[in-house]
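Participant: My numbering puts the first residue of the sequence shown at 81, with every later residue one more than the last.
Could you have a look at this structure, given as structure tokens, before my questions?
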Amino acid sequence: YLGPDLSGEVLSFMPESSVVELMIRMAEIDAVDPTALQELNNSLERQVEGVVRKQGSSVGGVKNVADIFNSLEKAFEESLMDKITDVSPDLANSIQEQMFVFDDLKVIPDRDFQQLLREVSTDKLAMALKGADDAILQKVIKNMSSRAAEIFQEDMEELGPVKIVDVETAQKEVLAAARKLADDGKIELKEDAAAMVG
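Quick look at the structure:
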């Protein structure tokens, strides 16, 4: 099994139509017979220089496809996602949900994060942050005015215990807002390694 980074490199040399079909098939499987996996590894080792991990049998599933997508250059990733969306919108949505999770909010650049904060109600944000990684809470507070941050922290304390399902729903809504802003070109969700400055 090739790791996500090496898989992404290999995919960038394949015809795009083949990659789309491969990604869809990969997302639809969860495990492969270890013997078949070993045969595939042997074949790939002959074709690709580099280290091939031979442990484990989980080579498919939406999460593995999402990990590969996360390693692709942005333009290639977007092109593939558009084509997968044309074939299977539900699968594309599942892959996108796995590509960007709530903990990933902490890596959004501050200027873009402030844009996201303007799009999400403080009530929704407070609910989404219940039980979340402290680094995300600190990022939220850092990107608010001191007065707004103070009020926000009071609102969070007043929430008290909440249902996990409500927290997860709020987190999905915050992520959906972030994805929409990214799709509209208003924010960047991840660093684009291929981007250049003049």
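Yeah, the Cβ is synthetic: ideal placement off N, Cα and C, and Gly gets one too.
Just so you know, these numbers come straight off a predicted model, no measurement behind them.
#1: If you draw a straight line from the alpha carbon of residue 250 to that of residue 96, how long is it in whole angstroms?
#2: Within the same chain, show all residues whose beta-carbon is closer than 8 Å to that of residue 203, passing over the 5 residues directly before and after it, in chain order.
#3: Cα separation between residue 106 and residue 145?
#4: In this structure, does DSSP put residue 90 in helix, strand or coil?
#5: Compare the C-alpha of residue 207 against each of 92, 182, 147 and name the closest.
#6: Determine the DSSP secondary structure at residue 22, reduced to helix, strand or coil.
#7: Decide if residue 93 is buried, meaning its Cβ has at least 16 other Cβ atoms within 10 Å, or exposed.
#8: In the DSSP assignment, find the unbroken alpha helix (DSSP H) run with residue 255 in it and report its ends.
#9: Flag this pair as yes or no: are the beta carbons of residue 165 and residue 172 separated by less than 9 Å?
#10: Using CA atoms only, rank isn't needed, just tell me which of 205, 163, 180, 256 is closest to residue 143.
#11: With a threshold of 16 other CB atoms inside 10 Å of the CB of residue 167, please say whether the residue is buried or exposed.
#12: Alpha carbons only, please: which of 239, 201, 193, 238 is nearest the one belonging to residue 218?
#13: Among the residues of its own chain, which have a CB less than 7 Å from the CB of residue 103, if the five just before and after it don't count?
#14: For residue 257 versus residue 199, is the C-beta distance shorter than 9 Å?
#15: Return helix, strand or coil for residue 213, following the three-state DSSP convention.
#16: Pull up the distance between the alpha-carbon of residue 87 and that of residue 99, whole angstroms please.
Facilitator: If we stick to the structure as given:
#1: Along the sequence shown, read from residue 1 onward, the residue named residue 250 stands at position 170. Along the sequence shown, read from residue 1 onward, the residue named residue 96 stands at position 16. When rounded, the distance between both Cα atoms is 35 Å.
#2: As a working mapping, residue 203 is identified with position 123 in the sequence shown. So the list reads 235, once near-sequence residues are dropped.
#3: For the purposes of this step, residue 106 is identified with residue 26 of the sequence shown, where counting begins at 1. For the purposes of this step, residue 145 is identified with residue 65 of the sequence shown, where counting begins at 1. Taking the straight line from one Cα to the other gives about 7 Å.
#4: Position 10 of the sequence shown holds residue 90. It is helical.
#5: Residue numbering aside, residue 207 sits at position 127 when the sequence shown is read from its first letter. Closest option to residue 207, Cα to Cα, is 182.
#6: Residue 22 lies beyond the range of the chain shown here (81 to 278); nothing can be said about it.
#7: One-based indexing of the sequence shown puts residue 93 at position 13. So residue 93 counts as exposed.
#8: Here residue 255 is taken as the residue at index 175 of the sequence shown, counted from 1. Per DSSP, residue 255 belongs to the alpha helix (DSSP H) from 244-263.
#9: What you label residue 165 is simply residue 85 of the sequence shown in a count that begins at 1. What you label residue 172 is simply residue 92 of the sequence shown in a count that begins at 1. Between residue 165 and residue 172, the C-beta gap is smaller than 9 Å, which places the two residues in contact.
#10: Along the sequence shown, read from residue 1 onward, the residue named residue 143 stands at position 63. Per the Cα distances, 180.
#11: The sequence position of residue 167 within the sequence shown is 87, counting from 1. By the beta-carbon neighbour count (other beta carbons within 10 angstroms, threshold 16), residue 167 is exposed.
#12: On the sequence shown, position 138 is the one that residue 218 refers to. Answer by Cα proximity: 193.
#13: As a first step, residue 103 must be located in the sequence shown, where it is residue number 23. Closer than 7 Å at the Cβ level, and outside the excluded window around residue 103, lie 145, 160, 164.
#14: On the sequence shown, residue 257 is found 177 positions in, with the first residue counted as 1. On the sequence shown, residue 199 is found 119 positions in, with the first residue counted as 1. Yes, Cβ-Cβ distance for residue 257 and residue 199 is below 9 Å.
#15: Along the sequence shown, one-based indexing puts residue 213 at 133. DSSP places residue 213 in coil when its eight states are reduced to three.
#16: Residue 87 sits at position 7 when you count from the first residue of the sequence shown. Residue 99 sits at position 19 when you count from the first residue of the sequence shown. Going from the Cα of residue 87 to the Cα of residue 99 covers about 11 Å.
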